[in-house]
Every structure is written in structure tokens, then in C-alpha cells.
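Numbering (our numbering), first residue to last: 12 to 379. Glycine included, each C-beta is placed from N, C-alpha and C at the ideal position. Model, not experiment: these values are computed from the prediction. In what follows, a single structure is set out as C-alpha cells and then discussed.
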């Protein structure tokens, strides 16, 4: 049963209330406000009912002190109409939940007391949930900090490994370059082996570059903002990457409106477009035509890059853009090109999508 405390200097009133409430509540009676305060310090009560007029202190004064000791306990004041000014003041200060006028009606009093007990239970439930929420928040903060520590450690590890791999790769590249200088004097099978070795070292170099770039992007998310002309920057990048396009005899067709300006971190956006082009080159067939279509969509520009060749499945696209290598061993592009592209586009508030036919990748780039 709910524990309640009733305080009144008149014992007859206390006994009358005990008889009325004893079947539904665990009733404690006190004639002295000071003894009542001691009780509140020792025991938790759902509801405290106090008479207003008592010789040692008023009911309002008592309930003000109770609020300081046990703020969750619901407080009810018994009073006559001559004490209404004190009652109104107590209500306005939030010291009491409700007052009951004398003489009180037994049924009305029971209803008021039940509502007061329910109010107490609701407050306790809220307190409990708030404590649980606070604990969860602290645990979440600790977990997030642990993830940040692990993330920083991962970034340092990948950066260290990549730098360490660069040293032997530089030596290997030098030997491959030396072999290529004398390649014409080698038998055909040796020439093929040198070409394969040259392609492998270049691919390995690109992977190291992408790992370093990806870890740097994850750890440094700050963005500078400059005007970026998508059409002009795409032309410049296609010219810069002509050698990569020419390895497969690929042609590039650009369709773009004049002054297709977005505001972004220029260096990062160039990297995003470069990685998108590298991915396109990897999947395009020989002598294909790469179509780049930039279109004004109001609040953003769509940047579509289309190629021929076999379509990319949605599953493979998700894996490539997330940096996952699961089930991708049959694909030509096993690096982080699309993951880097997507990451940069998303930190600028854009999206990266795959067309239904699986041969067009669409960037949605916010203008602002």
C-alpha cells in the first residue's frame, strides 16, 4: 500500500482520516509538525496531508520544508476558507499539489488523495527514466569516445602502414622503370611480365594513395568554402587525366550549363570527381565513350557519369561506396575510389546514387 503521512494537532481529525483511509493506504499520523519532519527524513511518503492551522507552525510552512527534504512527495493542505490567502500563495510558489477545504467530503477527499498518489508515482517513474536516460547517455558518451580513440588509432596505423609500404614500392618502381627502358630487347614473354609488373606497381601506388587520403578525410572533416565551376573544373580534370583515359582509348563527352557553380571545398571536390573518373575508367570497356552530364535541378546540380560495359549491381555499388571489400574480388576496381567520392560528397550535403541500368553514377551536389 502507498505510505502517506497525515499531520494535524487535533487527534480526533487524525483518527477520522485513519478510519477513512486505512484500507487503501499505509497511514502514519503525527500531531507535531516537527515530528512529521523527522518522519520525512527517515521514510519516503507518497503523499503528505497537513492541516493549515497548528500551534507550532502552519501547514504551508511545514509543506515548504517537506518540499526541500522530499521534493517528489505530493503535498495536500487541509484548510478553512479564512486561510485562502495563504493557500493561494502556497499554490503559486508550487509548495502544494492541492488544498482540501473544511469540512471535507469523504468521497472527494479519497479521489483527491488517489490523484495525489498517482502524481507521486508518475514523478518517480519520470525520475527513474531520467536516471536511466542519464546513465545511457554517459555510457553512449564513453562508447563514442572509445570509438574515437579506436578510429584515431586505426587512422594512425593505416597511415603508418601506407608510409612504410611506400618505401619498398619506390624501390620496386625504380626497377620497373629501368626494365621498361630496355624492354624492347627482352623476349615477348618477359615484355608481358614487365608490363604486368608496371601495372601492378601503379595500382599498388594508387591503393596506398587512396588509403592515406581516406584516413585523412575521416580524421579531418573541416571544410573550406569556395566557388567551384563544375563545367570548367570537369574540363580541367579530364585534360589532367588524359593519360588514364587514353590507356583504354576512352573519349569524354561533357554536357554542362554555363556557370554551374557550387560552393564547396575545392580540393576535396576535385578529389571526389577524380575518384569517380578513376572508377569509371576501371569499369569502362576499351574505346568506350564516357558521357558526363551536368544539369541544374534548382537547389542542386546533378552530375551524371555514364559508361558502357557490364552494369554494376546495387550490392556491389553499396560495397564499393562504403569501402567494403566483401564479395568484390571479381571486380576490376578494388580500391577506395567510390568510397572517397561518396564520403566527400556526403560531407558537403550531397548524395551518390547508381542508376537503374547500373552504368551511370549520379552525384547530387548542393549549390550552397
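Might you give, ordered along the chain, the residues of its own chain that have their beta carbon closer than 8 Å to the beta carbon of residue i, omitting 5 neighbours on each side?
i	result
residue 339	Unreliable placement is indicated for residue 339, whose pLDDT of 42 sits below 50; the coordinate value is still reported in the next sentence. Result list for residue 339: 327, 330, 331 and 345, in chain order.
residue 7	The requested residue 7 does not occur in the structure, where the chain is confined to residues 12 to 379.
residue 96	none
residue 377	273, 310, 311, 359, 360 and 361
Residues bridged to residue i by DSSP?
i	result
residue 240	272
residue 112	90
residue 144	Per DSSP, none; premise fails for residue 144.
residue 264	302
residue 375	313 and 362
residue 3	Because the chain is modelled from 12 through 379, residue 3 falls outside the range shown and cannot be assessed.
residue 162	Answer is none; residue 162 lacks a bridge partner.
Around the C-beta of residue i, are 16 or more other C-beta atoms found within 10 angstroms, so that it is buried, or is it exposed?
i	result
residue 63	buried
residue 356	buried
residue 77	buried
residue 11	What the structure shows of the chain is the stretch from 12 to 379, and residue 11 is not part of that stretch, so it cannot be assessed.
residue 54	exposed
residue 107	buried
residue 309	exposed
residue 221	buried
residue 69	buried
With a threshold of 6 Å on Cβ separation, who are the neighbours of residue i within its own chain once the five nearest residues in sequence on each side are excluded?
i	result
residue 379	274
residue 184	212
residue 262	300
residue 2	Any answer about residue 2 is impossible in this case: the structure gives the chain only from 12 up to 379.
residue 255	292
residue 60	17 and 87
residue 359	275
Under three-state DSSP, which class holds residue i?
i	result
residue 300	strand
residue 19	coil
residue 216	helix
residue 348	helix
residue 128	helix
residue 184	helix
residue 83	coil
residue 14	strand
residue 197	coil
residue 192	helix
residue 333	helix
residue 323	coil
residue 367	coil
residue 123	helix
residue 291	helix
residue 72	helix
residue 96	helix
residue 39	strand
residue 31	helix
Using C-beta distances below 7 Å, list every residue in its chain close to residue i, excluding the 5 sequence neighbours before and after it, in chain order.
i	result
residue 366	373
residue 224	282 and 351
- Query: Looking at C-beta atoms only, is the number of pairs between the stretch 80-96 and the stretch 35-45 that lie closer than 8 Å three or more?
  - Reply: Verdict: no, contact absent.
- Item | Given 8 Å, three or more beta-carbon pairs between the stretch 188-205 and the stretch 232-245 | As far as the Cβ criterion goes, the stretch 188-205 does not touch the stretch 232-245, which means the pair count is below three.
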